[in-house]
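Numbering of the sequence shown is given in the numbering used here, commencing with residue 1373 and proceeding in unit increments.
Note that CB positions come from ideal geometry on N, CA and C, so glycine has one too.
Have a look at the structure below before the remarks.
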Amino acid sequence: MAATSALSQAYGRFRAIILTTLFLSFFINLLMFVGPLYMLQMYDRVLSSRNENTLYMITAIAVGLLVIFGILEFLRSRILVRAGMQFDEIIASPLFSRAVRLQVMHPGAGGRTALQDADKVRDFLTGQGILSFFDAPWVPIFLALCFAFHFWLGVVATAGAVIIFILAVANEFMTRDALQEATNAGSNAAHFASTTLQNAEVIRSMGMEERLANRWLSQRDQMLEGQSRASDRAGAIVACSKFVRMTLQVAILGTGAYLAMQQLISPGIMIAASIVMGRALAPVEQSVGNWKGFVAARQSGARLKRLFDAVDEDEERTELPKPKGDLRVEGVTTVLPETRETILKGITFDIKKGDTLAIVGPSGSGKSTLVRHVAGAGNPAAGAIRLDGTELKHWDPVQLGENMGYLAQDIKLFSGTVAENISRFDPDAKDEDIIAAATLAGSHEMIQGLRNGYETPVGDGGSQLSGGQRQRVGLARAVYKTPALIVLDEPNSSLDSDGEEGLIKCLNQLKKLGRTVVVVTHKANLLQLCNKTLVMADGKVQRFGPTDALYRKAAQRKAAQDAADAGGGSAPTPLTAVKSAES
1373 MAATSALSQA YGRFRAIILT TLFLSFFINL LMFVGPLYML QMYDRVLSSR NENTLYMITA
1433 IAVGLLVIFG ILEFLRSRIL VRAGMQFDEI IASPLFSRAV RLQVMHPGAG GRTALQDADK
1493 VRDFLTGQGI LSFFDAPWVP IFLALCFAFH FWLGVVATAG AVIIFILAVA NEFMTRDALQ
1553 EATNAGSNAA HFASTTLQNA EVIRSMGMEE RLANRWLSQR DQMLEGQSRA SDRAGAIVAC
1613 SKFVRMTLQV AILGTGAYLA MQQLISPGIM IAASIVMGRA LAPVEQSVGN WKGFVAARQS
1673 GARLKRLFDA VDEDEERTEL PKPKGDLRVE GVTTVLPETR ETILKGITFD IKKGDTLAIV
1733 GPSGSGKSTL VRHVAGAGNP AAGAIRLDGT ELKHWDPVQL GENMGYLAQD IKLFSGTVAE
1793 NISRFDPDAK DEDIIAAATL AGSHEMIQGL RNGYETPVGD GGSQLSGGQR QRVGLARAVY
1853 KTPALIVLDE PNSSLDSDGE EGLIKCLNQL KKLGRTVVVV THKANLLQLC NKTLVMADGK
1913 VQRFGPTDAL YRKAAQRKAA QDAADAGGGS APTPLTAVKS AES
C-alpha cells in the first residue's frame, strides 16, 4: 500500500544499516575481552614470573586492540548518525505533507506533534539507547565465559542478569500507563498553550490571563502527575538495579575469593570474572536506564504509523491542461468530525470562467466552510467540487496550487519577508511577478511605506503588521501570477477606505482578465461587482442566480412588503435587497 511507503522505506533503510552495525558490534564485543584477559595475564603470568618483557608486550598488545576498539566504536556511532540523517531525509517531506493535511481535516488530531514524534524516533534510533540492543546478544556469551571460569561464578552472574532483566520488565509494566497519560496530557497542554497565546492581546486586554492560566495549569498538572508517578516507579526500579549491581559485584568477588582460597581458581580468574560479569550486565543495565526513552520512541512510532495509515500519500497525478476557471459544486455535504454535526447540506451550483460569485448569508450559515472546500482545503463528506470538470482531489496538488488563490477570513502569514509571503515562498520567484501581484491587489504603495519595503519581516503569523496590512499582503498572495480561480473570504473585513478602493480595482481588473472569483461579502460595493450571487442559510442554498435578477426580485418583494406595511417606502439598496432575499 502506497500510504505507508515512506515510513516503511525509512525503517527499511535503517534496518539495512543495522546489519552493518551488528557486524561492527561483533568485533566491538569481541574486543571487550581485552580487559579481563589482560587482568588474567597480569595476575597469573606477569606477577608470578616478574618478567618485564612479558608485561611490556602484553600491555602493547592490549593498547593496540583498545585503539581498534575505539575506532570501531566511532565508526558504529557515525554510521548510526548517518542512518538517522537518511531516515529523516526519507520521512521528512511526506510527514510534513501528511501533518498539514491532517491538521486541515482534523485540527485536534495531533498534526502538530507528528514532527516531534519523528524526532523522538530518530533520536532513539541513533542514540546510545539502541546500542544496548546491539550488545544484548553478547550477554549469554559473557555469561558462558563466567561458567567456563567456574560453575558458581557463572551462577552468580546469571542470577544477576535475570534479576536485572526482571527489573527492566517490571519497569515497563509499572510505568507504561503513567507515561502514556503524561504524554497525552502534555500534548494537550502544549496545544492549548500554542493556540491560546496566538491571541495574547485579547487575553491581556480582557483580563483572562489567570483563568486561562488555570486551565493550562490543570492540564499541565495531569502531565506532571503522570510523569511523577512514572518517575517514582522508575526511580525505585533504578535504585533496586543499582543495589543489585553493587551486591553482585561483592558476591562475585566474594565467591571468587572463596574459590581461590580453595585453590579451585586463580586470583586472576577472580578479577577477570568480575570484569566479565560487569560486561555481561552492562547491556541489561543500559536497557533499564534507557527504558523511558525506548517507551517514548515506541509511542511516537505508533503515532507515526497511525498518521501514515490514516492519511494517504499523494499519488502521482497526470499534469492536466491549465484550467480556464469553470467551477462546479455538486451536492457538497460536510460533517464536523468531533460532533458529527452537518455544516453543509447538499450544496450545488456552477459558475463559468470570468464569473464573479458573491456568497452571502447570516453568520453560521456555512459560507467559510464552503469556500474552504472550494479552495481545496479539505475533502467534503459527500459530493464533489470540480475545476474544469475535474475533481479538485484529482488535480496534482502543486499544479492546483499554482492555479488557485485563497484569502482566508483569518489571515495567516508565515515567518519571512513580505516578498516571500506574496510569492508563496517560491525560491524561483521573479521580482516583477511579486510587484505585479502587489500592484494588482492595490498593496504596492502600502508595502513601499513599510520600514524595509518588500524585505520587511512580517513576524510569526504576520505579527509585525496590522490587520489591514496582513489582509492586503494576503490579497497580493492570492492573486500572485493571477491564478484561474481566486477565493476570497471577507476580503475587506480589516481594510480602510484606501484598502477597499484597491480591492475594488483588483476585482475589476480580475474580471477584465477573465479570472473566476468567489467572494464572501456583505458589502454593497462588492456585491455590485459580482454578476452572480449565492444566498446561504443553515448550510443550504436558498437562492442562486444572476445578481441583478436576485436584486430585482428582492426589490419587488421588499417594495410589496413596504407597501403592505406602511403604504410605501424608499427603494432598497443592493445590500438590503440581498438581505431580503436571504429571508
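Option in the options with minimal Cα separation from residue i
i	options	result
G1833	Q1820, S1787, L1708, E1872	S1787
P1512	D1727, G1526, H1522	G1526
L1812	L1885, R1583, V1406	L1885
A1956	N1775, L1901, S1838, Q1836	As shown, the chain starts at 1373 and ends at 1955. That puts residue 1956 outside it, with no answer to give.
V1913	G1703, V1406, G1821, F1399	G1703
A1629	A1550, H1522, Q1599, G1726	H1522
D1910	R1924, K1853, A1756, S1740	S1740
L1419	V1656, R1675, P1639, R1924	P1639
Y1410	Q1820, H1563, N1425, I1433	I1433
L1869	T1854, N1897, R1617, K1883	Per the sequence shown, the amino acid found at residue 1869 is Ser instead of Leu. Ranking the options by Cα distance to S1869, first place goes to N1897.
I1819	A1791, G1755, V1770, G1839	A1791
V1656	L1759, G1532, S1835	G1532
F1564	K1925, G1814, W1588, A1756	W1588
G1839	P1829, L1867, E1817, T1828	L1867
V1701	L1822, R1744, F1615	R1744
DSSP beta-bridge partners of residue i
i	result
K1904	L1729, P1918
D1722	R1700
D1861	V1892
E1763	R1758
A1706	Just to set this straight, residue 1706 is Thr in the shown sequence, not Ala. L1716.
H1909	Inspection of the sequence shows that residue 1909 is occupied by Ala rather than by His. K1912, per the DSSP bridge assignment.
Euclidean distance between Cα positions of residue i and residue j
i	j	result
T1392	G1626	40 Å
K1717	L1729	19 Å
A1561	A1668	17 Å
D1861	K1664	47 Å
I1390	Q1381	14 Å
E1713	M1546	40 Å
A1464	V1683	15 Å
Q1900	P1695	26 Å
E1872	K1895	10 Å
T1705	G1607	53 Å
I1502	L1379	19 Å
T1905	Q1458	53 Å
E1461	A1520	47 Å
N1543	I1609	6 Å
H1766	G1831	35 Å
A1554	R1470	25 Å
E1688	L1679	20 Å
L1653	V1406	17 Å
M1404	R1583	59 Å
A1529	L1517	10 Å
N1586	K1853	48 Å
E1956	P1408	Residue numbering for the chain in the displayed model covers 1373 to 1955; residue 1956 lies beyond these limits and cannot be assessed.
S1421	I1637	18 Å
A1850	L1467	26 Å
G1825	K1802	16 Å
K1784	A1810	17 Å
G1456	E1581	41 Å
D1604	L1551	12 Å
L1699	I1858	11 Å
I1807	D1727	25 Å
M1649	Q1671	33 Å
I1723	L1882	15 Å
L1487	N1556	16 Å
I1443	L1452	14 Å
G1384	A1490	15 Å
Residue i Cβ short of 8 Å to the ligand COA heavy atom set
i	result
K1614	As presented, the structure is devoid of all ligands, the ligand COA included, so that no description of it is given.
Meets three-Cβ-pair contact criterion under 8 Å: the stretch 1844-1851 and the stretch 1778-1786: yes
Ordered list of beta strand (DSSP E) runs contained in the stretch 1767-1855, each at least 3 residues: Inside the stretch 1767-1855, DSSP marks whole beta strand (DSSP E) runs of 3 or more residues at positions 1776-1779, from first to last along the chain.
Touching by the beta-carbon criterion (3+ pairs, under 8 Å), the stretch 1737-1753 and the stretch 1918-1925: no
Runs of beta strand (DSSP E) lying entirely within the stretch 1600-1648, each at least 3 residues, in chain order: none
Stretch-stretch touch, CB-based, cutoff 8 Å, three pairs: the stretch 1796-1810 with the stretch 1872-1891: no
Inter-stretch contact at 8 Å, needing at least 3 Cβ pairs: the stretch 1533-1551 / the stretch 1573-1592: no
Contact between the stretch 1488-1497 and the stretch 1631-1639 (3+ Cβ pairs under 8 Å): no
Meets three-Cβ-pair contact criterion under 8 Å: the stretch 1535-1542 and the stretch 1595-1604: no
Length at least 4, wholly inside the stretch 1513-1567: the alpha helix (DSSP H) runs in chain order: none
Entirely enclosed beta strand (DSSP E) segments - the stretch 1868-1892, minimum 3 residues: 1888-1892
Contained alpha helix (DSSP H) runs [length at least 4] in the stretch 1663-1696, N- to C-terminal order: 1663-1682
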